[in-house]
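The listed protein sequences derive, respectively, from chains A and B.
Counting from 14, one number per residue, gives the positions in the first sequence under the numbering used here.
Counting from 14, one number per residue, gives the positions in the second sequence under the numbering used here.
Reading through the structure tokens given below for one structure.
There are 2 protein chains.
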Amino acid sequence: MERREFIKGLGVAAVTAGVLAFEAPAVWAKGEKVMWRMVTSWTPGMPILQTGAERFAKRVAQLTEGRLTIQVFAGGELVPPMGVFDAVSQGTVQCGHSAAYYWAGKSIAAQWFTTIPFGLNAQGINAWFYNGNGLKLWEEVYAPFNLVPRPAGNTGVQMGGWFNKEIKTIDDFKGLKMRMPGLGGKVIAKAGAAVTLLPAGEIYTSLEKGVLDATEWVGPCHDMRMGFQKVAKFYYAPGWHEPGSALELIINKKAYEELSSDLKAAVDAAAAELNITMLSEFEKENAAALAQLKKEGKVQFRTFSKEILTKLKALSDEVIKEQIEKDPIAQKVHKDFTEFKNLLNPWAAISEKEYYEGI
Amino acid sequence: MERREFIKGLGVAAVTAGVLAFEAPAVWAKGEKVMWRMVTSWTPGMPILQTGAERFAKRVAQLTEGRLTIQVFAGGELVPPMGVFDAVSQGTVQCGHSAAYYWAGKSIAAQWFTTIPFGLNAQGINAWFYNGNGLKLWEEVYAPFNLVPRPAGNTGVQMGGWFNKEIKTIDDFKGLKMRMPGLGGKVIAKAGAAVTLLPAGEIYTSLEKGVLDATEWVGPCHDMRMGFQKVAKFYYAPGWHEPGSALELIINKKAYEELSSDLKAAVDAAAAELNITMLSEFEKENAAALAQLKKEGKVQFRTFSKEILTKLKALSDEVIKEQIEKDPIAQKVHKDFTEFKNLLNPWAAISEKEYYEGI
Chain A
14 MERREFIKGL GVAAVTAGVL AFEAPAVWAK GEKVMWRMVT SWTPGMPILQ
64 TGAERFAKRV AQLTEGRLTI QVFAGGELVP PMGVFDAVSQ GTVQCGHSAA
114 YYWAGKSIAA QWFTTIPFGL NAQGINAWFY NGNGLKLWEE VYAPFNLVPR
164 PAGNTGVQMG GWFNKEIKTI DDFKGLKMRM PGLGGKVIAK AGAAVTLLPA
214 GEIYTSLEKG VLDATEWVGP CHDMRMGFQK VAKFYYAPGW HEPGSALELI
264 INKKAYEELS SDLKAAVDAA AAELNITMLS EFEKENAAAL AQLKKEGKVQ
314 FRTFSKEILT KLKALSDEVI KEQIEKDPIA QKVHKDFTEF KNLLNPWAAI
364 SEKEYYEGI
Chain B
14 MERREFIKGL GVAAVTAGVL AFEAPAVWAK GEKVMWRMVT SWTPGMPILQ
64 TGAERFAKRV AQLTEGRLTI QVFAGGELVP PMGVFDAVSQ GTVQCGHSAA
114 YYWAGKSIAA QWFTTIPFGL NAQGINAWFY NGNGLKLWEE VYAPFNLVPR
164 PAGNTGVQMG GWFNKEIKTI DDFKGLKMRM PGLGGKVIAK AGAAVTLLPA
214 GEIYTSLEKG VLDATEWVGP CHDMRMGFQK VAKFYYAPGW HEPGSALELI
264 INKKAYEELS SDLKAAVDAA AAELNITMLS EFEKENAAAL AQLKKEGKVQ
314 FRTFSKEILT KLKALSDEVI KEQIEKDPIA QKVHKDFTEF KNLLNPWAAI
364 SEKEYYEGI
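What follows is the structure, given as structure tokens:
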């Protein structure tokens, strides 16, 4: 039930009972229950992502003692996985859990709030969100759609994908039939790949039958569940196209604004908590899945050479230039994102980079 | 006022007013206000750390609409900076913000919950806390002290310190008069350094007068505030001894257990939120301070060579071995910590490490 309907219903009941003669005390208003529905872009029970959205809803209920309850629907249960943005924007549901780059068709700039090729990793993009202009810009980009965004999870660095042909030079992308959506797909298309956007359910069989030579997905944990290790020879790192994909909580603006300040705080704090715990879970589960894949010993691990990465970076710059030329808002977001990255990088070079060189 | 006193006070007032004839409804109990005091190990107004503790308290008040308010006292305002553990353990105050490694004298194992030389970085230790056994072990170690711990911030990778002599080989530590507390100090003592533990207020003058050759502190943001750039020539990276120091929220166990489940959730969620926002602030502010130092152009930046780091790592292993030999609990914690690091590292090597190599 929507909040307004609830209030309306309560009003009728209250009038019927003739109890509107006194002013409701503050505690009465506090006791009022708000019931929200959340839709996600994930499959039912999908580890880390769908379970994370459900953990968020549970935390909000705990924080508010059930004054704000959120019923979570996986992709397809109420609206299609790619219908999350519209459903929340139009107020069909009050909130959603998804990834901003799915909405490039609504706003080119949205992509920067998930990840861009050779963009920021999780630690970097969170600093941009919380202590740079990242979240402010995201709010600005989403405002015309009646949406309030919050960072709510991160996949960490993704993998570069599964290949049935070795990629020894940039020329090995020529004619490569690869499934790769988004900006990454545009980049390898520039390198000569035949990019396809097969639905998730068709990738496995297509790899098996040779209709596809390669695909990217997420990281070891989710990739293993797709079974790609059974139908692909080589597993490439790193995910240059997704160096730390942020997940989003999106809230219908009117629904958010109708919340009392404590309920708003509950939503915001639970989103921030999900942001850190989801990344931690990705790190742990990807590490465990990688160990399992190595133990099974069937997959050959490869890393893109520096030379290939340098060339992919140059092509990425071209793709991004084309994107921002189309859209002044994306241009503004990219400028701020790039300035922040340029501020962080010299620090990262003597801190985290040094740490990882020592592992 | 403590909760019990409040209830007692309320009882008297209620009896006086003769309103105890009916059973108080659930909402009445909910309206009851809990007032806590927090002590910290930070100086008043200390950026990121003290301001972070204050932001936490503000968030808890928002989440609970003032049903749980936390008055924050900086180090020395109520108890000394190093008196936080005892004050919370004994229930003098209900909670504190500090760093577990300060309490090595209470429990050797406590050090692992902040950082150890060549230990985990922020992303790694958070995965250990939230998705490994880290937080469970921490709770176990703190239980005998009537303390409930929560991860509540991280400094990120620290700096290696300020030096007035170049460190070109491990032998350059011989006779070096350096201020360095904790395990890091024990490690460089093994390398021949004359380790001192001067109070913070005496470091600057000691460096200036040559009483000290070197000191470590935190990272660019806090180091600059100490003015070390004016009295030291070389600024070394990385902080091998503190690759990601976790900060702690500690709560008196009885005070925590007396909270209703929604207030407990408010404390836990706000701590997790502080955990990610504090790290983000450290990243941003350290990057900005580093840029400022470079602009001023007075400091010479250096990085410890691979050879030196390898030797410091070997000495760190010796120090840790000596520590855990003294204490079976520390041994158990170190074993779990090390297993988790060994699980994470192969994944880190093809994900975050690759990311940082490309920056």
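For every residue, glycine included, the Cβ atom is placed at its ideal position computed from N, Cα and C.
Separation of alanine 268/B from methionine 191/B, as counted between CA atoms: 41 Å
At least three beta-carbon pairs within less than 8 Å, the stretch 113-129 of chain B to the stretch 81-100 of chain B: yes
Reduced DSSP category for threonine 209/B - H, G, I as helix; E, B as strand; rest coil: In this structure, threonine 209/B counts as strand in the three-state DSSP scheme.
Methionine 291/B - partner residues in DSSP beta bridges: Answer by DSSP bridge pairing: none, since methionine 291/B is not bridged.
8 Å Cβ cut-off: residues of chain A touching aspartate 275/B: Aspartate 275/B reaches chain A at Gln75, Leu76, Thr77, Glu78, counting residues in chain order whose Cβ is nearer than 8 Å.
Contact set for lysine 324/B: own chain, Cβ-Cβ below 7 Å, skip 5 residues either direction: Ile183
Cβ of asparagine 288/B within 7 Å of any chain A Cβ: yes
Cβ pair tryptophan 55/A, glycine 104/A closer than 7 Å: no
Alanine 66/A beta carbon less than 7 Å from that of histidine 110/A: Between histidine 110/A and alanine 66/A, the gap from beta carbon to beta carbon is short of 7 Å.
Interface flag, asparagine 139/B vs chain A, CB-CB below 7 Å: yes
Cutoff 7 Å: glutamate 90/A Cβ touching any chain B Cβ: no
CB contact below 7 Å: proline 162/B versus chain A: no
Residues that arginine 72/A contacts on chain B, provided the C-beta gap is smaller than 8 Å: Ala278, Ala282
For glycine 371/B, three-class secondary structure by DSSP: coil
C-alpha distance - phenylalanine 353/A paired with proline 341/B, whole-angstrom precision: 46 Å
Nonlocal neighbours in the same chain, by C-beta distance under 7 Å from glutamate 296/B, ignoring five residues either side: Gly169
Whole-number beta carbon distance between valine 332/A and glutamine 242/A, since they are thought to touch under 8 Å: So it is not a contact: roughly 30 Å between Cβ atoms.
3-residue-minimum beta strand (DSSP E) runs that sit fully inside the stretch 126-174 of chain A, ordered along the chain: DSSP assignment within the stretch 126-174 of chain A yields the following whole beta strand (DSSP E) runs of 3 residues or more, N-terminal first: 160-167.
Extent of the continuous beta strand (DSSP E) run through valine 52/A: 47-53
DSSP-derived helix/strand/coil call for arginine 192/A: strand
Any chain A beta carbon closer than 7 Å to glutamate 373/B: No statement about residue 373/B is possible, as the shown extent of chain B runs from 14 to 372 and does not include it.
Methionine 59/A versus Lys119/A, Met237/A, Tyr248/A, residue with shortest Cα-Cα distance: Met237/A
Chain-ordered residues of the stretch 128-160 of chain B with a beta carbon less than 8 Å from chain A: Phe131, Asn134, Ala135, Gln136, Gly137, Asn139, Ala140, Phe142, Tyr143, Asn144, Gly145
Extent of the continuous beta strand (DSSP E) to which threonine 82/B belongs: 81-86
Proximity winner among Gly79/B, Val346/B, His235/B, relative to glutamine 305/B (alpha-carbon distances): His235/B
Chain-ordered residues of the stretch 345-365 of chain A with a beta carbon less than 9 Å from chain B: Phe353, Lys354, Leu356, Leu357, Asn358, Pro359, Trp360, Ala361, Ala362, Ile363, Ser364, Glu365
Cβ-Cβ separation, glutamine 107/B to tryptophan 49/B (assumed contact under 8 Å), whole Å: 4 Å
Among Gly214/B, Asn265/B, Glu221/B, nearest to valine 52/B - alpha-carbon criterion: Closest by alpha carbon: Asn265/B.
Neighbour-count burial assignment, glutamate 261/B, 16 or more Cβ in a 10 Å radius: By the 16-neighbour rule on beta-carbons within 10 angstroms, glutamate 261/B is buried.
Every unbroken alpha helix (DSSP H) within the stretch 225-287 of chain A, with a cutoff of 4 residues, ordered by chain: 233-239, 266-270
CA-to-CA distance, lysine 71/A to methionine 14/A, given in whole angstroms: For methionine 14/A, the predicted model reports a pLDDT of 31, less than 50, meaning its position is unreliable; a value from the coordinates is still stated below. Roughly 18 Å between the two C-alpha positions.
Neighbour-count burial assignment, alanine 37/B, 16 or more Cβ in a 10 Å radius: Any reading at alanine 37/B needs caution, since the residue's pLDDT is 35, under 50, leaving its predicted position unreliable; the model's value is listed next. Counting Cβ neighbours within 10 Å, alanine 37/B comes out exposed, since fewer than 16 surround it.
Closer than 8 Å at the beta carbon, the chain B residues around isoleucine 170/A: In the sequence on display, residue 170/A carries valine and not isoleucine. Ordered by position in chain B, the residues that pass the 8 Å Cβ test against valine 170/A are Ser364, Glu365, Glu367, Tyr368.
C-alpha gap between glutamine 336/A and serine 329/A, whole angstroms: Using only the alpha carbons, I get a separation of about 10 Å.
Sub-7 Å separation of serine 102/B and asparagine 159/B beta-carbons: yes
CB contact check: glutamate 67/B to chain A, cutoff 7 Å: For glutamate 67/B, the closest Cβ of chain A is not nearer than 7 Å.
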